[in-house]
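A.B. asks: Going letter by letter, the sequence shown gives residues -9 to 505 in the working numbering.
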Amino acid sequence: MLETELLVVGGGVAGAYATLTARSYGADVILACKTPLVGGSTRWAQGGIAAPLAEGDEDAHAQDTVKAGRGLCEPEAVQAFVRDARSHVETLRDLGVTFSPHATLEGGHSRARIRHQGDATGHAISVALAEALQAGRSPALRVLEHAFVRNLRVSGGAVVGADLLTPDGPVRVRAGAVLLATGGFGRLYPVTTAPPEGTGDGLGLAWQAGAALRDLEFVQFHPTAVVRGGAAHLVTEAARGEGGRLLNARGERFMERYDPALELAPRDVVARAIAAEIAATGRVDLDLRHLGAAFVRSRFPTVTASLAPLGLDLGADLIPVQPAVHYTMGGVQTDVQGRSTVPGLYAAGEVASSGLHGANRLASNSLSEGLVFGARAARAALAALKAVPARSEDLPAPLVDPACLPTLRSVVAGAAGLRRDAAGLRAALDGWYWPTVTAESRESLEAGHLALIGERLLRAALAREESRGGHHRTDFPREAASAAHSVQSRALGDGVARVPVGVPEARAAVLGSSA
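#1: By how many angstroms is the C-alpha of I443 removed from the C-alpha of T426?
#2: Go ahead and pull the three-state DSSP assignment for F244.
#3: Return the CA-CA distance between S503 and V144, expressed in angstroms with no decimal places.
#4: Tell me where the beta strand (DSSP E) around F211 begins and ends.
#5: My parser needs the alpha helix (DSSP H) runs of 4 or more residues fully inside the stretch 23 to 71; what are they?
#6: State buried or exposed for M(-9), treating a residue as buried only when at least 16 other CB atoms are found within 10 Å of its CB.
#7: Buried or exposed: where does S476 fall if 16 or more other Cβ atoms within 10 Å of its Cβ makes it buried?
#8: Thinking just about the alpha-carbon of each residue, which of R369, S434, D384, A377 is nearest to the one in P392?
#9: Just to confirm, are G200 and V(-1) a CB contact at a threshold of 8 Å?
#10: For F138, report the span of its beta strand (DSSP E) as first-last.
#11: Whole angstroms is fine: what's the gap from V401's alpha carbon to Q312's?
#12: Kindly indicate which three-state DSSP category G328 falls into: helix, strand or coil?
#13: Tell me whether the beta-carbon of A184 lies closer than 8 Å to the beta-carbon of V168.
#14: Between the C-alpha atoms of A338 and A367, what's the straight-line distance to the nearest angstrom?
#15: Where does Y7 sit, in a helix, a strand or coil, going by DSSP?
#16: DSSP on P186, reduced to helix/strand/coil?
#17: Quick check for students: name the residue ranges of the beta strand (DSSP E) that lie wholly in the stretch 292 to 328, counting only runs of 3 or more.
#18: Identify the continuous alpha helix (DSSP H) that holds A513 and give its terminal residues.
#19: Cα separation between A130 and D109?
#20: If I follow the unbroken alpha helix (DSSP H) through H113, where does it start and stop?
#21: May I ask you to list the residues that DSSP assigns as paired with P160?
#22: Please list the terminal residues of the continuous alpha helix (DSSP H) segment that includes R432.
#23: Using 8 Å as the Cβ pair cut-off and three pairs as the minimum, do the stretch 89 to 107 and the stretch 39 to 50 touch?
#24: Using a Cβ-Cβ distance under 8 Å, would D74 count as near chain C?
#25: Express the C-alpha separation of V217 and F290 in angstroms, rounding to a whole number.
#26: Does DSSP put V286 in a helix, in a strand, or in coil?
#27: From what residue to what residue does the alpha helix (DSSP H) around E359 run?
#28: What does E(-7) pair with, by DSSP beta-bridge criteria?
#29: For H462, count neighbouring Cβ atoms within 10 angstroms of its own Cβ and tell me buried if that reaches 16, exposed if not.
#30: With C-beta atoms as the reference, is H316 less than 8 Å away from H212?
#31: Of all the options L27, K24, L178, which has the alpha carbon lying nearest to the alpha carbon of P396?
#32: Is DSSP giving A474 helix, strand or coil here?
#33: Please identify the residue among Q107, L415, L154 whose C-alpha is closest to the C-alpha of R140.
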């Protein structure tokens, strides 16, 4: 049994930064992560971190974010983000992250504002945050690595802790608040750039606690992955930002037929264009040869090294690329302070749906999102701490046979991939049954989370009868006249509630007093 003021779950950028923020206010914190401390999606991020270059860039960055989000961004979340991001990036410098003096450009951005450390920015940030956490370890800051949250604990309708599976055995944590920073659910799909631990645990835990989930249908496919043997090797968007060109099998540079921004169009546009050209001509290649092999190898050493074992030279070869699931915009519904719809439960980073990304995340906004909303959630949680009750009840998650995951992933990809339609979604839902098991393990719990999220995603995709951002319906190919979030919670039943954007009464009905 452990007791703390704040339990943070997840050691990526949002969780690590939230922990450091809470400690800066003198709070007692436990950080639990199911990987080593330098783990999660953060260390995989190649491109960089987006933030306004100066005060005059805030409006432009906000406009770029909203344009990419296709009408579903929450104005309050966007303004909070562009207002806070730059100072948090400067804090990273104080922690030892060395950025290139030259910002770069990526798709959807109107100017070069992406700070980077070559093509290993995420890894550099992960290491710096981990070192700061290690240096700060004390009785008031405990880090539990390889600790998997099996369930949350509740009392009086509020989350008051969690039960963990650790290498040393079960651990119960009593906490004044729990902050989920567990990342997304990319591993719901068979071809993804998400790390193995990206199994949507936070969404499953939040759902069991009665929290609302929002916008699960919006799944971002990164346009340029090299897929071999079922593994997706990411080629950073910065490669196109530096001038990389996309060519179909006929050697044609085709993006002008899809968007005037060419290769720097938003990711959803480029991903669907690449898929269409592959279907029409047989393949699509990323061409960086005109940039010079020496420059390409020095600018993108991580990508160069990852492709070399595949027999590909990034600076000298045409690189065959295709879309792969990269980021999940939907998640636990929160306000701009990270508060979920359940008292005592907070969320930040990819696990959360704060309203920043809308229907499609702007490139390189994710790392800075983790900083901004990780810090905000930590501060909000500390401001609302209550005494931890002596007794609480657990919220056990369903245990699903992990052997079914290849089939489950195939069903989701077939029905809710880059293109969807009602017939495919209904067929997937009609056959949605996965065998349960009695033996509890990390694997069976993860499979349970993915099965739960998969059903919720299919329901949301079926209900959204339009095409918007990361959700494309071939039977409803146009955007609807007005944008609406899709919200699901146990309180609302198994259906999908349609909540109009910008209507305070509707948001308040879902968010309660936290709105």
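Glycine included, every Cβ here is placed at the ideal spot set by N, Cα and C.
C.D. replies: So, to answer that:
#1: In this structure, the CA atom of T426 is about 15 Å from the CA atom of I443.
#2: Coil.
#3: At S503, the pLDDT of 30 sits below 50, so the modelled position is not reliable; the number obtained from the coordinates is stated separately. The alpha-carbon atoms of S503 and V144 are separated by roughly 19 Å.
#4: Run containing F211: 209 to 218, per the beta strand (DSSP E) assignment.
#5: For the stretch 23 to 71, whole alpha helix (DSSP H) runs of length 4 or above, ordered along the chain, are 48 to 59.
#6: Exposed, since its Cβ has fewer than 16 Cβ neighbours within 10 Å.
#7: S476 comes out buried.
#8: Per the Cα distances, S434.
#9: No, they are not a contact pair.
#10: Counting along the chain, the beta strand (DSSP E) containing F138 begins and ends at 138 to 145.
#11: Between V401 and Q312, the alpha-carbon positions lie close to 20 Å from each other.
#12: Here G328 sits in coil by DSSP.
#13: With respect to the 8 Å criterion, A184 and V168 are not classified as neighbours on the basis of their beta carbons.
#14: Inter-residue distance for A338 and A367 is about 7 Å (C-alpha atoms, whole angstroms).
#15: In the displayed model, Y7 falls within a helix according to three-state DSSP.
#16: Coil at P186, not helix or strand.
#17: For the stretch 292 to 328, the full-length beta strand (DSSP E) segments reaching 3 residues or more read 312 to 318, 321 to 323 along the chain.
#18: With the chain covering only -9 through 505, there is no way to say anything about residue 513.
#19: Taking the straight line joining both Cα atoms gives about 35 Å.
#20: Segment 111 to 125, the alpha helix (DSSP H) holding H113.
#21: Residue pairing by DSSP places P160 opposite L155 in a beta bridge.
#22: First-last of the alpha helix (DSSP H) with R432: 432 to 453.
#23: Taking 8 Å as the limit for Cβ pairs, the verdict is that the stretch 39 to 50 does touch the stretch 89 to 107.
#24: The displayed structure is made up of one protein chain only, and chain C is not part of it.
#25: Looking at the two C-alpha atoms, the distance is approximately 18 Å.
#26: In the three-state reduction of the DSSP assignment, V286 falls in the helix class.
#27: Where E359 is concerned, the enclosing alpha helix (DSSP H) stretches over 355 to 373.
#28: In the DSSP assignment, E(-7) is bridged to R164.
#29: Label assigned to H462: buried.
#30: When the beta-carbon positions are compared, H316 and H212 come within less than 8 Å of each other.
#31: Per the Cα distances, L178.
#32: Of the three classes helix, strand and coil, the one that applies to A474 here is strand, per DSSP.
#33: It is L154.
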